[in-house]
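Under my numbering, the first residue of the sequence shown is numbered 1208, with each subsequent residue one higher. Following: one structure in structure tokens, then a few remarks.
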Amino acid sequence: MLVVDDEPAVRRVLARSLRELGHRSVPVESGEHAIAWLDAGEGPPVLAIVDMMMPGMNGTETVTALRARLPSLPVIACTAYALSATTVLELPDTELLEKPFDLAQLAACLGKLLPA
């Protein structure tokens, strides 16, 4: 799973939480780094968790660029500001995870997007 968030603490929490749920993650600090990672042939990820409020390439731009390369990529839009994810949430295979979140909320989002 690709974890895209500009805050190191959030990336660490998400990586740890995903491990607890039995998933591996690749944490990157920006949309630009996510696209570079994907373009380098490191993927494809089974899912992306993308912070909506990042400097530089914001969450909507990041999701748009990821989906241009992987149209069916499931996405969890992660944000403390629900309105910032409005555009992304209109896309298929997208769930909202509001910060702060707990392990159960993350697991519920994953359950909605990943095959059983």
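C-beta atoms are modelled at their ideal positions from N, C-alpha and C, and glycine is treated no differently.
- The criterion of a C-beta distance shorter than 8 Å is not satisfied by Val1220 and Asp1258.
- Rounded to whole angstroms, the gap between the alpha carbons of Leu1277 and Pro1251 is 8 Å.
- Taking the Cβ atoms as the reference, Met1208 lies roughly 13 Å from Arg1223, outside the contact range of under 8 Å.
- Listed in chain order, the non-local C-beta contacts of Ala1284 below 8 Å within the same chain comprise Val1257, Met1259, Gly1266, Val1270, Ala1292, Val1295, Leu1296, Thr1301, Glu1302, Leu1303, Leu1304, local neighbours out to five positions each way being set aside.
- In this structure, DSSP gives Leu1304 an extended state, which the three-state scheme calls strand.
- Closest option to Ala1314, judged by alpha-carbon separation, among Asp1213, Glu1227, Trp1244, Ala1247: Glu1227.
- Taking each of Leu1298, Lys1306, Pro1281, Ser1279 in turn and checking the Cα distance to Tyr1288, the smallest one comes out for Lys1306.
- Under a 10 Å Cβ-count criterion, Gly1238 is classified as buried, with 16 or more other Cβ atoms of the shown protein chains found around its own Cβ.
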